[in-house]
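Participant: Residue numbers (numbering that gives the first Met the number 0), protein chains in the order written: chain A, 0 to 145; chain B, 0 to 145.
Using N, Cα and C, we set each Cβ at its ideal position, and we do this for glycine too.
My questions will all concern the structure given below.
Protein chains: 2
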Amino acid sequence: MSLPPTDKQLLALAQSFRTTLRHAVYLSRSMDSDGELTTMQMSTLSMAADEPLRVSRVAANLGIRVPSATEQIIKLEQAGLVLRQPDPTDSRAVLVQLTETGREAWEAAGRRRNERVAALLEQLDDDDRATLAAALPIIEKLNHTA
Amino acid sequence: MSLPPTDKQLLALAQSFRTTLRHAVYLSRSMDSDGELTTMQMSTLSMAADEPLRVSRVAANLGIRVPSATEQIIKLEQAGLVLRQPDPTDSRAVLVQLTETGREAWEAAGRRRNERVAALLEQLDDDDRATLAAALPIIEKLNHTA
DNA sequence: GCTCATAGTTAGGTAGCCTAACATTTTCGG
DNA sequence: CCGAAAATGTTAGGCTACCTAACTATGAGC
């Protein structure tokens, strides 16, 4: 037991992982595409839910360039979900903050998505759920490493 | 033990799962964006690797519409990676099949991606890897259910 | 054989991303 | 303390991948 894994084993696991991840992307897409808010919009709103943040932070967190973030944020603003205000401590910067409408929309959409996923998870047995729950932080670890 | 999970527990797991999945989408994107082949192209090639298949099958498997699939397949054809040939049993249909070049490109890209992921997985300890390996089929189960 | 369904392609449009160029503000070395 | 360089956003223009609608051609059924 507990011998160091061979390259072959690692590569086999890597392949399964990639395949599952690819399928999971579809799963994620189908769970999040309910015509309300896109995944990116949800992420943006959830960032702003904690505290107002800069456009450049939004871009970095979303993994996109600043002009693209500006574009998306302006759309959220036009939808009345966020406000764009100059940063009082640095007038180059723009702070993105949630409106009350935005917070409500974000929370409602999150609830609905959670319920949809919970309905899926309900069909697993307890062991499977436990395994899944144990694996989530490991996947996060990988994400952080990469 | 083994009581039925409460709604609260399910919703909490659902939330974690959604979050991790969202992050995993980024992970997947970064692992697959090496400027060679897009994830969609890899998927298309891997489908065609088993046996020639119809454009409509490609579209269905990729979760996109037929015209979009046609577009992508034509690009793969122009790159010399696939051939488009009329189905001998139904001349309305078009069969997409891999060229030798396509097979080599697909295998090489798959190898490189696997190596990259294996390098990540190598940094986990044995327990984590075992948990991860156990979770993959469960996630597939969810994907199949949804 | 005529009608209707099926398989793909073409045409035209949209959304989200990109880079390059710009205006404004801050920072900092001389 | 001032001019150059860096940082923050926005604007402009372009690309790609997706979409729907309309079309052609083939197959299937009464």
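(1) Let me confirm a value: Ala-118/B is counted as buried when at least 16 other C-beta atoms fall within 10 Å, else exposed. Which label applies?
(2) When you compare only the Cα positions, how much space is there between Asp-6/B and Ala-129/A?
(3) Is it right to say Gln-77/A is buried, meaning 16 or more other beta carbons lie within 10 angstroms of its own, or is it exposed?
(4) I believe Leu-20/A touches Leu-26/B by the beta-carbon criterion, under 8 Å. Please report the beta-carbon distance rounded to the nearest angstrom.
(5) Rounded to the nearest angstrom, how far is the Cβ of Gly-43/B from that of Leu-75/B, given a contact under 8 Å?
(6) Does the region 44 to 56 of chain B come within contact of the region 99 to 107 of chain B, defined as at least 3 CB pairs closer than 8 Å?
(7) Counting only beta-carbon separations shorter than 8 Å, does Gln-71/B have a partner in chain A?
(8) Let me confirm a value: Asp-31/B is counted as buried when at least 16 other C-beta atoms fall within 10 Å, else exposed. Which label applies?
(9) State the start and end residues of the unbroken alpha helix (DSSP H) segment that holds Ala-145/B.
(10) Do the region 79 to 95 of chain B and the region 122 to 140 of chain B make contact, defined as three or more Cβ pairs closer than 8 Å?
(11) So who's on the other strand from Asp-84/B, going by DSSP bridges?
(12) Alpha carbon to alpha carbon, how far is Ser-67/B from Glu-114/B? Give it in angstroms, no decimals.
(13) Got a sec: is the Cβ-Cβ distance from Gln-122/A to anything in chain B below 8 Å?
(14) Within this structure, are the beta carbons of Arg-64/B and Asp-86/B separated by less than 8 Å?
(15) Determine whether the Cβ of Glu-139/B lies closer than 8 Å to any Cβ atom of chain A.
(16) Name, going along the chain, the residues of the region 61 to 89 of chain A whose beta-carbon falls closer than 7 Å to a beta-carbon of chain B.
(17) Using a Cβ-Cβ cutoff of 9 Å, what residues of the region 21 to 41 of chain A are near chain B? List them in chain order.
(18) Less than 8 Å between the C-beta atoms of Ala-132/A and Leu-131/B, yes or no?
(19) Do you know whose CA, among Asp-33/A, Ser-15/A, Thr-38/A, Gln-14/A, lies nearest Arg-166/B's CA?
Facilitator: Let me spell this out:
(1) exposed
(2) 15 Å
(3) Around the beta carbon of Gln-77/A, fewer than 16 other beta carbons sit within 10 angstroms, so the residue counts as exposed.
(4) Contact flag correct, Cβ pair sits at about 7 Å.
(5) Residue identity differs from the one stated: residue 43/B is Thr in this sequence, not Gly. Confirmed, about 6 Å.
(6) yes
(7) no
(8) Answer is buried; the Cβ neighbour count reaches 16.
(9) Premise fails: Ala-145/B is in no alpha helix (DSSP H) and is neither H nor E.
(10) no
(11) Before going further, note that residue 84/B is Gln rather than Asp in the sequence given. For Gln-84/B, the beta-bridge partners assigned by DSSP are Leu-94/B.
(12) Cα-Cα distance, rounded: 31 Å.
(13) yes
(14) no
(15) yes
(16) Residues passing the 7 Å Cβ filter: Gly-62.
(17) Arg-21, His-22, Ala-23, Val-24, Tyr-25, Leu-26, Ser-27, Arg-28, Ser-29, Met-30, Asp-31, Thr-38, Met-41
(18) no
(19) Only positions 0 to 145 of chain B appear in the structure, and residue 166/B is not among them; the question remains open.
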